[in-house]
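First to last, the sequence lines map onto chains A and B. For the record, in the first sequence the residue sitting at position 281 is 280 according to numbering that gives the first Met the number 0, with numbers rising by one throughout. For the record, in the second sequence the residue sitting at position 421 is 420 according to numbering that gives the first Met the number 0, with numbers rising by one throughout. All C-beta atoms in this analysis are idealised placements derived from N, C-alpha and C, irrespective of residue type, glycine included. Read the structure below first, then the notes.
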Amino acid sequence: MHAMSYARVGDVASALAEGADPDSRFLAGGTTEVDMLRIGVARERRLIDINDLPLNTIEDLPGGGLRLGALARMSDVAATPSVRERFPMLVQALELGASAQLRNMASMGGNMMQRVRCGYFREAGMPCNKREPGSGCAAQGGFHRGHAVLGTSEHCFATHPSDVAVALVALDAVIHLQGRYGERAMPLEDFFLQPGDAPEREHPIEHGELITAIEVPAAPVARTSLYWKVRDRESYEFALVSAAVAATVTNGVIREVRLALGGVATRPWRARAAEQMLTGGPAISDAFEAAASAELAPAVPHPQNAFKIELAKRTIVRVLERVSAA
Amino acid sequence: MTTTLIGQPVTRVDGHAKVTGAAKYTAEISLPGMRHAVIAGSEIPAGRITGIDKSRAMAEPGVLAVLTHEDLPKVATQPVLTLSLAGTVAHGQSFFPMQDPVIHYAGQPVAIVVGETLDAATRGAELLDVTYERTESITVIDEGRDRSYVPEKILAGLAPGEMGRGDVAAGLAAAELTVEATFTFSANHQNPLEMSASVASWDDGQLTLWDATHGPTATQMTVASLLGIPASRIRVITRFVGGSFGAKAMIWAHPTLAAMTAQIMHRPIKLALTREQMFTGCGLREDNEQTITLGAAADGRLTAIRHEKLSITSAYDDWAEPALSGSGELYACDNFAAVYHLIKGNTMTPTFMRGPGETAGLAVLECAMDELAERAGLDPVELRVRNHADVDPVSGRPWSSKGLKECYERGAELIGWGDRDPRPGMRRDGDWLIGMGMATAIYPVYPLMNPQRARARLYADGTAVIQTAASDIGTGAATVLTQIAAEGLGLPLEMVRVEYGDTSLPFLAASVGSTGSTAGGNAVHLAATGLREQLVAQAVQDEGSPLHGADPELVDVVDGVMVGPSGSESYGEMLGRNFVPETEYLGTYQHRVDDEHALLNFGAQFAEVAVDAALGVVRVRRMAGVFAPGRVLNQKTARSQLMGGMIWGLSQALLEASHMDPRFGRWANPSLGDYLVPVNADVPEVMVETVEVDDPFINPLGIKGIGEIGMVGMAGAIANAVYNATGRRVRSFPITIESLL
Chain A
0 MHAMSYARVG DVASALAEGA DPDSRFLAGG TTEVDMLRIG VARERRLIDI
50 NDLPLNTIED LPGGGLRLGA LARMSDVAAT PSVRERFPML VQALELGASA
100 QLRNMASMGG NMMQRVRCGY FREAGMPCNK REPGSGCAAQ GGFHRGHAVL
150 GTSEHCFATH PSDVAVALVA LDAVIHLQGR YGERAMPLED FFLQPGDAPE
200 REHPIEHGEL ITAIEVPAAP VARTSLYWKV RDRESYEFAL VSAAVAATVT
250 NGVIREVRLA LGGVATRPWR ARAAEQMLTG GPAISDAFEA AASAELAPAV
300 PHPQNAFKIE LAKRTIVRVL ERVSAA
Chain B
0 MTTTLIGQPV TRVDGHAKVT GAAKYTAEIS LPGMRHAVIA GSEIPAGRIT
50 GIDKSRAMAE PGVLAVLTHE DLPKVATQPV LTLSLAGTVA HGQSFFPMQD
100 PVIHYAGQPV AIVVGETLDA ATRGAELLDV TYERTESITV IDEGRDRSYV
150 PEKILAGLAP GEMGRGDVAA GLAAAELTVE ATFTFSANHQ NPLEMSASVA
200 SWDDGQLTLW DATHGPTATQ MTVASLLGIP ASRIRVITRF VGGSFGAKAM
250 IWAHPTLAAM TAQIMHRPIK LALTREQMFT GCGLREDNEQ TITLGAAADG
300 RLTAIRHEKL SITSAYDDWA EPALSGSGEL YACDNFAAVY HLIKGNTMTP
350 TFMRGPGETA GLAVLECAMD ELAERAGLDP VELRVRNHAD VDPVSGRPWS
400 SKGLKECYER GAELIGWGDR DPRPGMRRDG DWLIGMGMAT AIYPVYPLMN
450 PQRARARLYA DGTAVIQTAA SDIGTGAATV LTQIAAEGLG LPLEMVRVEY
500 GDTSLPFLAA SVGSTGSTAG GNAVHLAATG LREQLVAQAV QDEGSPLHGA
550 DPELVDVVDG VMVGPSGSES YGEMLGRNFV PETEYLGTYQ HRVDDEHALL
600 NFGAQFAEVA VDAALGVVRV RRMAGVFAPG RVLNQKTARS QLMGGMIWGL
650 SQALLEASHM DPRFGRWANP SLGDYLVPVN ADVPEVMVET VEVDDPFINP
700 LGIKGIGEIG MVGMAGAIAN AVYNATGRRV RSFPITIESL L
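Shown next as structure tokens:
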């Protein structure tokens with residue numbers, strides 16, 4: 000690891016001023032970032048510790064929404080009674096992620112910024128377009144069992160690793176950013192870029208810009224929701240496939256449905272094609288299967304991860320059956 | 000002898016130190032003036048180094064030196080692969096790195112960077128510019144399938160490349176039922192929690208080496224041979240070891256590299272491997288393919304077994320994990336043939352890993368037996384009982400002890416085998432298909448090749464110290480040795496302390512291949528009982544003793560008090576009266592070759608699994624293992640060790656895989672984030688029991704060892720349970736979701 004300097008800031012203005020240094024980066028929970036620094040994937044020489052910033056509140060918004068401070072810890076969000084009551088899938092996604100120790104450290108904002116698990120991205124000296132633009136993608140033709148089948152490009156098909164971002168994207172969450180020149184907000188879904196021909200650019204965030212909060216709008220549908228995670232190991236592993244689903248079913252008809260996928264795409268994947276087919280239709284297995292097939296139709300398989308297409312379809316059917324029976 | 004302590008579930012003597020962090024592991028040793036060394040490994044799997052530019056590394060603040068093959072001394076003796084079981088040198092491979100620019104495998108040490116701090120040395124290694132000329136490499140079986148050969152010997156010359164008896168072709172021709180199947184196994188790495196490390200310090204030509212190893216004496220002799228200095232000038236200390244699972248069973252390059260670096264730098268040097276370097280620094284279980292053919296009569300009795308294995312070895316050693324011998328020993332069958340096929344490739348020499356040999360081989364035999372049971376319409380347990388080997392099928396000798404039928408019976412009871420439906424896919428619990436499977440476990444009882452020693456010393460204050468060189472790799476050896484010593488001396492546990500893990504103590508070979516308790520236990524037993532006899536003999540001859548003139552045979556020792564027919568006194572009283580501050584006895588255990596009996600360790604293992612019918616997820620619900628390992632020295636540590644073995648078996652069956660990227664010749668997942676080992680949530684109810692078998696032939700304490708046998712049958716039992724749940728025979732390990740979709 001290279002030599003670094005370290006500053007600890009107590010307010011947003013100081014953080015933004017320090018963050019103007021182009022060779023700096025913010026440090027929150029550090030659960031991914033410290034690894035990235037250690038293995039030489041993150042190379043900045045100045046760390047700005049933002050953990051003292053007053054951005055750790057978890058607020059109920061009037062009307063049933065939530066505002067999660069960027070520094071709220073995953074475990075604190077999961078333990079909040081109103082979150083548990085209104086957004087079960089958010090809580091499940093949090094609690095199925097990482098380990099208890101990591102959830103106590105990791106911040107919500109940092110979770111949105113976590114890096115991919117692709118072994119070639121993490122191994123200096125291997126070709127990786129995300130780490131060294133233009134160097135090639137070693138995962139193509141290499142070890143890629145965990146890689147994405149949706150939102151891929153020939154330049155990169157590393158899977159986005161977050162669980163909770165999948166639930167948040169299903170809930171139409173909005174992310175708030177603050178830079179030296181002002182504040183802005185965007186749908187969280189837009190905050191995750193597909194790799195396309197520039198896999199090194201993962202978020203539309205400027206250098207030195209801070210994530211301040213994630214807002215979750217009120218969603219009565221989410222009271223009947225769940226997050227399902229398929230993986231080889233029962234705990235402490237990234238998803239092979241995951242699905243966040245919320246649905247309102249009356250008289251056997253799906254009135255409203257939210258569906259997003261994890262583990263299969265280069266970003267938290269809102270399954271809009273499936274949602275569209277399901278909404279207003281019957282809550283029956285045939286419909287679920289048709290919707291799942293439609294969602295996975297554009298999937299691009301590679302030899303080791305082709306099974307994810309079938310696994311994702313079956314997972315979608317499973318979660319829809321569960322949530323519509325609830 | 001009153002048996003009060005051996006077998007008791009005594010809590011670990013080092014437990015408090017370990018859970019409070021007081022226990023110091025090798026990488027935590029810090030010496031005045033010590034500097035840090037970091038290995039830079041080859042980025043290519045084959046070829047040669049064409050240049051090493053040290054300038055960027057040396058420019059990094061805190062970097063003191065960069066050593067390459069041009070700077071390092073030549074080894075005094077070319078290493079020759081020698082098993083640590085031999086109790087002498089224990090070269091993990093017939094190759095020592097950094098002697099010339101030739102590259103045999105990725106990760107092979109090409110330079111050592113020395114820094115004021117670990118960070119500086121690490122950074123220096125990152126900045127080192129090495130250029131290579133790469134040549135063609137073979138790192139997976141498919142790249143070398145057409146170049147395979149049958150080695151004359153494997154296992155450092157200790158086992159033949161081909162073996163057998165009878166006439167397999169005739170046995171198969173006579174068979175009414177046959178099963179033939181090919182299985183593949185991923186490469187595995189041992190992944191102990193503690194990474195390997197060595198700290199070397201020279202003082203006036205004497206080397207002190209702290210090393211994380213099974214065998215301080217093995218490190219001592221191996222390093223002595225490579226450096227060309229007398230063993231008497233090397234002291235190796237191993238206080239605590241954070242697991243090994245085979246990674247530390249042979250002696251790899253790093254302790255010698257640490258010693259060489261310390262010599263060059265005139266400083267104590269710490270050299271610790273990183274987690275990634277644990278994938279290229281201490282051997283591996285090679286990926287392999289095995290094909291088995293069983294022939295049987297209609298009643299299930301075996302008429303022939305043929306078992307072959309294909310795997311990659313290093314350029315310079317004929318290593319094959321000895322997976323096939325178990326197929327010739329487990330069942331009564333007159334016709335048996337086994338052949339190892341090897342491919343020379345670009346890997347380091349593979350090595351021991353958890354239940355080496357039997358773990359991989361029996362998974363294959365026992366899955367094939369499950370298929371045979373189905374063909375024969377027999378219960379899998381019944382099939383095994385029908386083929387029970389009443390005598391050793393290899394030598395024809397009677398077993399020293401067995402107990403296998405009792406293991407089958409008790410294991411079946413524990414798991415509720417009677418509830419199993421032999422038809423696959425019949426039991427369901429919601430989304431889950433439920434299945435049960437079983438397998439037999441056996442493990443060799445390896446002979447110790449040299450005398451094993453321990454010293455018992457009693458002080459006049461009545462306390463005792465037991466000294467022996469071997470380390471406790473986390474198994475609980477220090478605890479059971481304390482029990483054996485206390486019982487032998489007739490002292491309470493708290494009056495006995497064991498000193499171990501130091502070559503200045505009496506010789507003990509590395510604790511490998513389930514021999515640790517046999518070697519250490521019997522040596523300590525002989526030391527303790529010998530000292531007690533010496534003390535009693537002294538008392539009955541001492542005119543001042545109340546025991547004077549008593550028959551030593553009639554003297555018992557209870558809590559340090561010698562009790563004779565007509566009087567008693569404590570050890571301490573007798574020593575004090577005679578102005579003797581302490582007295583010692585050296586116990587020597589020499590393995591006696593038994594020409595009349597066959598020695599083998601037995602067990603039976605059962606599993607109940609749940610397989611998500613749609614999603615292919617496999618979760619083990621219950622495991623039961625019943626073993627007959629001879630005398631159990633400590634019910635608590637034995638249970639923990641057997642349970643640990645069973646969990647590793649679950650891991651072999653469902654999780655562990657090292658993935659090679661043959662384009663680069665490098666491991667693609669060398670981290671604990673990507674190489675999966677079980678977490679608590681994966682571990683179900685684990686039932687462990689032992690069947691006590693009295694074995695008067697095997698060694699004075701009647702021990703067969705429990706280090707490996709817990710793992711051996713587990714993967715087969717789980718695979719068979721997956722079949723019973725789903726009707727799918729998965730023949731590729733680990734069994735993953737994609738094979739069950």
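Which residues in the same chain as residue i place their Cβ atom closer than 6 Å to its Cβ, once the five residues preceding and following it in sequence are excluded?
i              : result
G586 (chain B) : A453, A522, L525, A526, G529
E275 (chain B) : P669
Q7 (chain B)   : none
L413 (chain B) : A623, M686
A246 (chain B) : Q189, P191, C281
Count the other CB atoms within 10 Å of the CB of residue i; is the residue buried (16 or more) or exposed (fewer)?
i              : result
Q205 (chain B) : exposed
T1 (chain B)   : For T1 (chain B), the predicted model reports a pLDDT of 48, less than 50, meaning its position is unreliable and no value from the coordinates is stated.
E542 (chain B) : exposed
A324 (chain A) : exposed
Y148 (chain B) : exposed
K73 (chain B)  : exposed
Could you name the residues of the same chain whose beta carbon sits closer than 7 Å to that of residue i, not counting the 5 residues immediately before and after it, in chain order?
i              : result
E59 (chain B)  : A119, R122, G123, L126
A16 (chain A)  : none
Q91 (chain A)  : L225, Y226
A271 (chain B) : A26, M194, A196
Quick check on this structure: which residue in the options has the alpha carbon closest to the alpha carbon of residue i?
i              : options                        : result
I447 (chain B) : B:R496, B:V390, B:G515         : The sequence as given places Leu at residue 447 (chain B); Ile does not occur at that position. Comparing Cα positions, the closest option is B:G515.
V299 (chain A) : A:P219, A:A273, A:C155, A:A245 : A:C155
N110 (chain A) : A:E32, A:L65, A:R42, A:N250    : A:E32
L671 (chain B) : A:Q139, A:A137, A:G118         : A:G118
G143 (chain B) : B:S310, B:G61, B:G644, B:R665  : B:S310
P397 (chain B) : B:E285, B:R591, B:P505, B:E595 : B:E595
L54 (chain A)  : A:A212, A:A92, A:S224          : A:A212
G41 (chain B)  : B:Q451, B:I734, B:L176, B:T67  : Looking at the sequence provided, one finds Ser at residue 41 (chain B) rather than Gly. Looking at the Cα atoms, B:T67 is the closest of the given residues.
P733 (chain B) : B:I717, B:E307, B:W431         : B:I717
F506 (chain B) : B:S657, B:P44, B:G32, B:T87    : B:T87
A27 (chain A)  : A:Y5, A:L167, A:P21            : A:Y5
D333 (chain B) : B:D378, B:T312, B:Y315, B:L293 : B:L293
E285 (chain B) : B:N449, B:S83, B:E320, B:I697  : B:E320
L60 (chain A)  : A:A164, A:E214, A:A184         : A:E214
L310 (chain A) : A:S241, A:A184, A:V168         : A:S241
Are the beta-carbon atoms of residue i and residue j separated by less than 8 Å?
i              : j              : result
G376 (chain B) : Y722 (chain B) : no
R266 (chain A) : G141 (chain A) : no
A613 (chain B) : R317 (chain A) : yes
D593 (chain B) : S400 (chain B) : no
L187 (chain A) : F86 (chain A)  : no
L553 (chain B) : G566 (chain B) : no
S657 (chain B) : S185 (chain B) : yes
A296 (chain A) : A273 (chain A) : no
Can you give me the Cβ contacts of residue i inside the same chain, cut-off strictly under 8 Å, excluding the 5 residues immediately before and after it?
i              : result
G178 (chain A) : L15, E205, G207, E208, L209
With a floor of 3 residues, list each beta strand (DSSP E) that falls wholly inside the segment 610-676 of chain B, ordered by position along the chain. Within the segment 610-676 of chain B, the complete beta strand (DSSP E) runs of at least 3 residues are 617-627.
At which residue ranges does the segment 148-176 of chain A contain complete alpha helix (DSSP H) runs of 4 or more residues, listed in the order of the chain? 163-169
Threshold first: 4 residues or longer. Then list the alpha helix (DSSP H) segments lying entirely within the segment 51-118 of chain B, N to C. 54-58
Every unbroken alpha helix (DSSP H) within the segment 396-465 of chain B, with a cutoff of 4 residues, ordered by chain: 403-414
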